[in-house]
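2 protein chains.
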Amino acid sequence: MKLKYYPATLELKHTFTVSSYSRKTTPIVLTEIEHDGFIGYGEASMPQYLGESHDSVMNFLSKINLEKYKNPFELETILSDIDKIESNNCAAKASVDIALHDLIGKLVNQPWYNILGLNKNNTPVTSFTIGIDTPEIIKQKVGEANEFRIIKVKLGTENDKEIIETIRSISDKPISVDANQGWKIKELALDMIYWLKEKNVLFIEQPMPKNNFDEVAWLTDRSPLPTFADEDVQRLSDIIKVKGVYSGINIKLMKCTGIREAVKMITLAKALNMMVMLGCMTETSCAISAAAQLSPLVDYADLDGNLLIKNDVFTGSKIVNGKIYLNSMPGIGVTKLE
Amino acid sequence: MKLKYYPATLELKHTFTVSSYSRKTTPIVLTEIEHDGFIGYGEASMPQYLGESHDSVMNFLSKINLEKYKNPFELETILSDIDKIESNNCAAKASVDIALHDLIGKLVNQPWYNILGLNKNNTPVTSFTIGIDTPEIIKQKVGEANEFRIIKVKLGTENDKEIIETIRSISDKPISVDANQGWKIKELALDMIYWLKEKNVLFIEQPMPKNNFDEVAWLTDRSPLPTFADEDVQRLSDIIKVKGVYSGINIKLMKCTGIREAVKMITLAKALNMMVMLGCMTETSCAISAAAQLSPLVDYADLDGNLLIKNDVFTGSKIVNGKIYLNSMPGIGVTKLE
Numbered sequence: 008m009k010l011k012y013y014p015a016t017l018e019l020k021h022t023f024t025v026s027s028y029s030r031k032t033t034p035i036v037l038t039e040i041e042h043d044g045f046i047g048y049g050e051a052s053m054p055q056y057l058g059e060s061h062d063s064v065m066n067f068l069s070k071i072n073l074e075k076y077k078n079p080f081e082l083e084t085i086l087s088d089i090d091k092i093e094s095n096n097c098a099a100k101a102s103v104d105i106a107l108h109d110l111i112g113k114l115v116n117q118p119w120y121n122i123l124g125l126n127k128n129n130t131p132v133t134s135f136t137i138g139i140d141t142p143e144i145i146k147q148k149v150g151e152a153n154e155f156r157i158i159k160v161k162l163g164t165e166n167d168k169e170i171i172e173t174i175r176s177i178s179d180k181p182i183s184v185d186a187n188q189g190w191k192i193k194e195l196a197l198d199m200i201y202w203l204k205e206k207n208v209l210f211i212e213q214p215m216p217k218n219n220f221d222e223v224a225w226l227t228d229r230s231p232l233p234t235f236a237d238e239d240v241q242r243l244s245d246i247i248k249v250k251g252v253y254s255g256i257n258i259k260l261m262k263c264t265g266i267r268e269a270v271k272m273i274t275l276a277k278a279l280n281m282m283v284m285l286g287c288m289t290e291t292s293c294a295i296s297a298a299a300q301l302s303p304l305v306d307y308a309d310l311d312g313n314l315l316i317k318n319d320v321f322t323g324s325k326i327v328n329g330k331i332y333l334n335s336m337p338g339i340g341v342t343k344l345e
Numbered sequence: 008m009k010l011k012y013y014p015a016t017l018e019l020k021h022t023f024t025v026s027s028y029s030r031k032t033t034p035i036v037l038t039e040i041e042h043d044g045f046i047g048y049g050e051a052s053m054p055q056y057l058g059e060s061h062d063s064v065m066n067f068l069s070k071i072n073l074e075k076y077k078n079p080f081e082l083e084t085i086l087s088d089i090d091k092i093e094s095n096n097c098a099a100k101a102s103v104d105i106a107l108h109d110l111i112g113k114l115v116n117q118p119w120y121n122i123l124g125l126n127k128n129n130t131p132v133t134s135f136t137i138g139i140d141t142p143e144i145i146k147q148k149v150g151e152a153n154e155f156r157i158i159k160v161k162l163g164t165e166n167d168k169e170i171i172e173t174i175r176s177i178s179d180k181p182i183s184v185d186a187n188q189g190w191k192i193k194e195l196a197l198d199m200i201y202w203l204k205e206k207n208v209l210f211i212e213q214p215m216p217k218n219n220f221d222e223v224a225w226l227t228d229r230s231p232l233p234t235f236a237d238e239d240v241q242r243l244s245d246i247i248k249v250k251g252v253y254s255g256i257n258i259k260l261m262k263c264t265g266i267r268e269a270v271k272m273i274t275l276a277k278a279l280n281m282m283v284m285l286g287c288m289t290e291t292s293c294a295i296s297a298a299a300q301l302s303p304l305v306d307y308a309d310l311d312g313n314l315l316i317k318n319d320v321f322t323g324s325k326i327v328n329g330k331i332y333l334n335s336m337p338g339i340g341v342t343k344l345e
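Chains L and B, in that order, give the protein sequences.
Just remember that the numbering used here sits 7 ahead of the position in the first sequence, which is counted from 1.
Just remember that the numbering used here sits 7 ahead of the position in the second sequence, which is counted from 1.
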């Protein structure tokens with residue numbers, strides 16, 4: 008197997024603001040693994056808060072030697088070896104995991120939902136994310152979210168109620184809320200959640216700053232809506248720590264090193280009676296389609312990263328009537344645009 | 008997909024005695040699932056203590072309609088539907104799970120260790136099981152176990168020390184012990200485990216009667232050897248209950264409904280930092296080879312059920328130098344003998 012990779016920059020349709028920062032572009036690295044006449048495609052997406060960059064990803068990828076593996080199917084060995092090269096670099100690791108999965112699917116001529124034993128009709132609806140913005144822009148974005156059945160909003164500032172009221176002035180669709188660690192006082196967070204429940208909000212992601220397990224457990228225990236860990240759960244080993252703290256977890260390929268670990272995380276979370284959502288970064292249709300292959304396993308999806316960019320370089324899974332639609336192409340189901 | 012099944016009876020080379028009963032034969036049901044010109048093979052094995060019989064398995068299988076599923080790859084849906092038909096019948100369910108896995112492997116022309124991303128060279132050594140018997144027969148059986156690197160003995164009677172001393176009179180190979188719930192008093196069990204450790208015993212399976220979680224937790228906490236749950240863990244949902252009670256679990260396809268649930272159980276047990284062994288019933292090389300496909304994931308294997316019978320009707324995985332050897336045939340890697 009031969010690994011190739013090159014940097015690129017995704018341009019966002021709108022400046023994206025969450026409770027801690029704003030951005031207009033996202034750096035990515037695209038990977039290709041060639042074997043036996045097939046090419047598997049992968050991607051690392053590096054929004055700045057992950058601490059990765061073009062340089063850190065390319066540097067990590069330069070340390071990987073895939074030529075020593077004779078059998079591309081040995082994912083457990085290959086990915087475990089790669090994981091040990093450095094302790095972080097999760098997006099870089101995911102870019103290799105995704106490309107290997109794409110390659111293997113092509114080698115057996117099956118999409119990954121088939122290899123994983125999933126029914127492609129059981130995909131969840133996916134939400135469309137609206138960042139923190141002015142009422143005018145928010146209304147415009149809600150209009151763009153027309154074909155989605157859930158609107159996801161980023162809260163965690165002074166204007167939380169105003170943002171929800173703005174959306175409710177033009178739409179009665181269910182809303183999911185990502186507070187991005189923005190609420191600092193648990194009693195106020197609980198009051199807010201009660202208020203949000205009356206506004207037809209479905210669940211709350213990462214309500215409080217990470218590592219506040221006692222306070223979030225207090226909140227979840229009293230919350231009329233499910234709570235999901237995002238920043239508090241990156242990888243498989245983090246899940247057991249948040250049992251009893253959150254109602255569910257948000258799994259993202261870029262946080263957890265890719266498809267293989269994500270599947271294990273879903274198995275573990277379900278065994279612990281926790282809910283699961285699949286999230287994403289700003290990504291092309293490559294990484295989004297990879298995550299979409301697993302989506303029949305989860306309760307909610309927030310896989311809209313490819314829809315927020317101007318310069319996607321792949322086509323893959325689609326949104327049809329607000330629901331993820333998986334094509335029947337092998338691997339992760341993507342075509343590279345020339 | 009078309010499901011066919013027929014009963015058979017396996018004849019043991021030796022009368023097999025554990026702490027609670029003896030037997031000379033084991034009833035099985037063999038399954039075949041045909042689709043697209045391929046046949047997937049499966050098997051249910053029903054040692055009497057499981058409460059299943061030819062009739063109960065055939066009756067269960069008669070309720071399954073596989074023709075309604077257009078896509079054989081949809082294992083999550085198909086097996087979940089089958090699981091809901093009745094609450095027990097785990098061996099019957101496993102016979103369908105195994106046949107479906109064999110079929111899917113043949114459809115993609117890959118052995119399951121490849122589909123699962125495993126390295127076939129990472130298979131564990133497997134133990135050879137010696138039932139409770141006279142010193143003479145025990146010596147004879149230890150002789151038959153010549154190519155194995157671990158001897159597994161069934162203890163749990165008055166003669167435990169005598170059995171171990173008999174083996175140690177002719178062999179210094181590591182021994183694993185299955186007490187089959189035979190030890191009733193935790194302090195005596197702990198004394199016995201200390202004695203066994205001096206005799207180069209590796210671990211203890213199901214030392215005490217099932218559902219004695221407090222006493223087994225006490226024992227595991229003090230034991231110089233790891234303890235494994237067998238009768239105390241049947242399915243995925245049982246594992247979380249024995250965290251902190253046992254050091255590990257023994258997974259058997261006939262207990263847990265098959266390969267798909269077994270893989271989830273391995274993921275969960277490892278995430279909980281528990282050890283895993285793969286066990287078996289008296290089975291043909293069909294069910295043994297199915298379990299062997301997963302064996303690169305586990306710490307220990309006890310997959311010798313096919314070696315204890317006179318009338319195997321399949322060839323599949325082998326034991327080479329005491330280690331499981333996986334062939335490169337697709338599916339579960341078996342050939343039916345005519």
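We put the CB at the ideal spot given by N, CA and C, even for glycine.
Exposure of residue i, with buried meaning 16 or more beta-carbon neighbours within 10 Å
i, result
"Trp-348 (chain B)", "Past the boundaries of the shown model lies residue 348 (chain B); chain B is included only from 8 to 345, so the question cannot be answered."
"Tyr-12 (chain L)", "buried"
"Glu-268 (chain B)", "buried"
"Asp-109 (chain B)", "buried"
"Asn-280 (chain B)", "exposed"
"Gln-117 (chain B)", "buried"
"Glu-154 (chain B)", "exposed"
Secondary structure of residue i, DSSP reduced to three states
i, result
"Arg-229 (chain B)", "helix"
"Phe-220 (chain B)", "helix"
"Ala-15 (chain L)", "strand"
"Ile-339 (chain B)", "coil"
"Ala-152 (chain B)", "coil"
"Phe-45 (chain B)", "strand"
"Ser-178 (chain L)", "coil"
"Tyr-56 (chain B)", "helix"
"Met-65 (chain L)", "helix"
"Gly-286 (chain L)", "strand"
Opening and closing residue of the alpha helix (DSSP H) in which residue i lies
i, result
"Thr-136 (chain L)", "Taken as a continuous stretch (DSSP letters only), Thr-136 (chain L) belongs to no alpha helix (DSSP H), being part of the beta strand (DSSP E) at 134-137."
"Asp-90 (chain L)", "82-90"
"Leu-112 (chain B)", "What sits at residue 112 (chain B) in the sequence shown is Gly, not Leu. Run containing Gly-112 (chain B): 97-114, per the alpha helix (DSSP H) assignment."
8 Å contact criterion, which residue i and residue j should meet: CB distance rounded
i, j, result
"Pro-214 (chain L)", "Thr-234 (chain L)", "6 Å"
"Asp-311 (chain L)", "Ser-292 (chain L)", "About 11 Å separates the two Cβ atoms, so there is no contact after all."
"Leu-347 (chain B)", "Ile-71 (chain B)", "Shown here, chain B extends from 8 to 345; a query on residue 347 (chain B) therefore has no answer."
"Thr-38 (chain B)", "Leu-68 (chain B)", "7 Å"
"Val-305 (chain L)", "Val-283 (chain L)", "4 Å"
"Asp-185 (chain B)", "Lys-161 (chain B)", "5 Å"
"Glu-59 (chain L)", "Met-65 (chain L)", "Not really, about 10 Å apart at Cβ, beyond 8 Å."
Limits of the unbroken beta strand (DSSP E) element including residue i
i, result
"Thr-38 (chain B)", "29-42"
"Thr-291 (chain L)", "Thr-291 (chain L) -> no beta strand (DSSP E), and no H or E assigned at all."
"Lys-161 (chain B)", "157-161"
"Glu-212 (chain L)", "208-212"
"Thr-7 (chain B)", "In the structure as shown, chain B begins at 8 and stops at 345. Residue 7 (chain B) is therefore absent and cannot be evaluated."
"Gly-255 (chain B)", "255-259"
"Ala-332 (chain L)", "Reading off the sequence, residue 332 (chain L) comes out as Tyr, not Ala. 330-332 is the span of the beta strand (DSSP E), which, as asked, contains Tyr-332 (chain L)."
"Val-327 (chain B)", "325-327"
CB contact below 8 Å: residue i versus chain L
i, result
"Thr-274 (chain B)", "yes"
"Arg-267 (chain B)", "yes"
"Thr-84 (chain B)", "yes"
"Val-115 (chain B)", "yes"
"Lys-75 (chain B)", "no"
"Ile-243 (chain B)", "Residue 243 (chain B) is actually Leu in this sequence, not Ile. Yes, Leu-243 (chain B) lies at the interface with chain L (some Cβ there is under 8 Å from its Cβ)."
"Glu-81 (chain B)", "yes"
"Asn-153 (chain B)", "no"
"Leu-279 (chain B)", "yes"
"Asn-334 (chain B)", "no"
"Lys-271 (chain B)", "yes"
Beta carbon proximity, residue i to chain B, threshold 8 Å
i, result
"Asn-257 (chain L)", "no"
"Asn-44 (chain L)", "According to the sequence shown, residue 44 (chain L) is Gly rather than Asn. Not closer than 8 Å to any Cβ of chain B, the Cβ of Gly-44 (chain L) fails to qualify, so no."
"Leu-125 (chain L)", "yes"
"Asn-72 (chain L)", "no"
"Asn-328 (chain L)", "no"
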